[in-house]
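Undergrad: Using numbering that gives the first Met the number 0, the first residue of the sequence shown is number 0, and each one after it goes up by one.
Beta carbons: idealized from backbone N, C-alpha and C, even for Gly.
Quantities reported herein were computed from a predicted structural model and do not represent experimental measurements.
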Amino acid sequence: MVDALRREYSSAELIEQEAPADALELFASWYEAACRSSEIIEPNTMVLATVDGSGQPAARAVLLKSFDHNGFVFVTNYQSRKGKEISDNNRVAAAFVWNALERQVRIEGRAVQLTAEQSDQIFAARPRGAQLAAHASRQSTELQNRAQLDQLYLEAVEKFGKEDVSRPSAWGGYAIRPERIEFWQGRANRMSDRLLYSRTVDGNWQRSRLAP
Numbered sequence: 000m001v002d003a004l005r006r007e008y009s010s011a012e013l014i015e016q017e018a019p020a021d022a023l024e025l026f027a028s029w030y031e032a033a034c035r036s037s038e039i040i041e042p043n044t045m046v047l048a049t050v051d052g053s054g055q056p057a058a059r060a061v062l063l064k065s066f067d068h069n070g071f072v073f074v075t076n077y078q079s080r081k082g083k084e085i086s087d088n089n090r091v092a093a094a095f096v097w098n099a100l101e102r103q104v105r106i107e108g109r110a111v112q113l114t115a116e117q118s119d120q121i122f123a124a125r126p127r128g129a130q131l132a133a134h135a136s137r138q139s140t141e142l143q144n145r146a147q148l149d150q151l152y153l154e155a156v157e158k159f160g161k162e163d164v165s166r167p168s169a170w171g172g173y174a175i176r177p178e179r180i181e182f183w184q185g186r187a188n189r190m191s192d193r194l195l196y197s198r199t200v201d202g203n204w205q206r207s208r209l210a211p
C-alpha cells in the first residue's frame with residue numbers, strides 16, 4: 000500500500016551557522032554531491048512548473064544545462080506548451096529531488112529567454128541525433144502515431160545529410176532568475192531542515208528557517 004511506504008531520514012543536517020550566505024554556493028555544493036552519488040541518475044533533472052492563462056499549472060521534468068548567478072538554464076522549443084506559457088507568464092518554479100541524499104531544492108523566479116548566440120552554443124554542443132530531433136519534433140503538437148514522428152526524423156536526416164545541423168529558430172534556452180531558493184534536508188521523525196534564501200532588493204540573499 001502507498002500509505003505504508005515510509006523511510007526514516009538521518010543522513011545529514013542543515014544548520015544556519017554552517018550554511019553559506021550565498022544560496023548559489025550552497026546549491027553548487029549540493030549539486031556536486033548529487034553528481035558524485037552513484038545512486039542518482041541524471042542529477043541535473045529538475046521538475047519545471049509553469050502556468051497558463053487560466054491559472055492551470057503544468058509540471059514536467061527538464062534537464063539543467065548550467066547554472067550561475069545569472070540563473071538556472073534549460074532548453075526547449077519556444078512553441079511548446081511550456082514555451083507558450085512562459086511567453087504569457089514568465090513566473091516559474093523548479094525543483095530538484097535527490098532522494099539518495101534525502102535532499103530537495105525548490106526554486107522560484109522568472110524565466111528569461113537566452114540570446115540567440117547563447118542558444119547557438121548550447122545547440123552546437125548537443126549530439127547530432129538530438130540536433131536532428133529538434134528539427135523533427137514540433138514539441139507538444141498532436142501526432143497521428145509513432146510512425147509519423149519517425150518519418151519526420153528521417154526527413155531531417157535527409158535534409159541535412161552530412162552538413163552541420165543548424166539550430167531551429169524556435170529552439171533555445173531560458174535562464175530561471177531565482178528570487179527564492181529553498182533547501183530541504185530530511186531529518187528523523189519528519190523534523191526536517193528547511194532553509195529559505197530570498198533575494199533582496201539589493202541583490203543579496205536573506206536567509207530564514209521554515210518549519211518542516
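Should the region 73-92 be regarded as contacting the region 184-198, the criterion being three or more beta carbon pairs within less than 8 Å?
TA: Touching, no, given that fewer than three Cβ pairs across the two stretches are closer than 8 Å.
Undergrad: How would you write the range of the alpha helix (DSSP H) that Asp119 sits in, first residue to last?
TA: That run of the alpha helix (DSSP H) goes Ala115 to Ala123.
Undergrad: Once DSSP output is grouped into helix, strand and coil, what is the label at Ala132?
TA: Note: Ala132 maps to helix in three-state DSSP.
Undergrad: Taking only runs of the beta strand (DSSP E) that begin and end inside the region 44-68, which ones reach a length of at least 3 residues, in chain order?
TA: 44-50, 56-62 and 65-67, all fully within the region 44-68.
Undergrad: Exposed or buried, which one is Asn76 when buried takes at least 16 other CB atoms within 10 Å?
TA: It is buried - the Cβ of Asn76 has at least 16 other Cβ atoms within 10 Å.
Undergrad: Is the separation between the beta-carbon of Ile180 and that of Glu107 shorter than 9 Å?
TA: Yes, these two residues count as a Cβ contact at 9 Å.
Undergrad: Given this structure, state the Cα-to-Cα distance separating Tyr173 from Pro126, to the nearest angstrom.
TA: Spanning the two alpha carbons is a distance of roughly 20 Å.
Undergrad: Alpha helix (DSSP H) containing Gly160: first to last residue?
TA: No alpha helix (DSSP H) holds Gly160; DSSP gives it neither H nor E.
Undergrad: Only counting the same chain, and skipping five residues up and downstream in sequence, which positions put a Cβ closer than 8 Å to that of Leu131?
TA: So the qualifying residues of the chain are Tyr152, Ala155, Val156, Phe159 and Val164.
Undergrad: Pull the bridge partners of Pro177 from the DSSP assignment, please.
TA: Answer is Gly108, bridged to Pro177.
Undergrad: Is there contact here, the region 96-103 with the region 26-35, by at least three beta-carbon pairs under 8 Å?
TA: With a cut-off of 8 Å, the region 26-35 and the region 96-103 count as touching, because enough Cβ pairs lie within range.
Undergrad: Within 10 angstroms of its Cβ, does Thr49 collect 16 or more other Cβ (buried), or is it exposed?
TA: Its Cβ being crowded by 16 or more others within 10 Å, Thr49 is buried.
Undergrad: Just the Cα atoms here: how many angstroms apart are Gly52 and Gln138?
TA: So the two alpha carbons sit approximately 19 Å from each other.
Undergrad: So the candidates are Leu63, Leu47, Ala94 and Phe66; which of them puts its Cα closest to the Cα of Arg80?
TA: Selected option, being the one with the closest Cα: Leu47.
Undergrad: My output table needs one value for Arg208: the three-state DSSP class, helix, strand or coil.
TA: In this structure, Arg208 counts as strand in the three-state DSSP scheme.
Undergrad: Check whether the Cβ atoms of Ala60 and Met45 sit closer than 9 Å, and answer yes or no.
TA: Yes; because the gap between Cβ atoms is below 9 Å, this pair is in contact.
Undergrad: Is Ser28 helix, strand or coil when you go by DSSP?
TA: Helix at Ser28.
Undergrad: Please classify Glu38 as buried or exposed, where buried requires at least 16 neighbouring CB atoms within 10 angstroms.
TA: Result: exposed.
Undergrad: Output needed for Gln205: all residues of its chain with C-beta closer than 6 Å, excluding positions within five of it in sequence on either side, in chain order.
TA: So the qualifying residues of the chain are Ser197 and Thr199.
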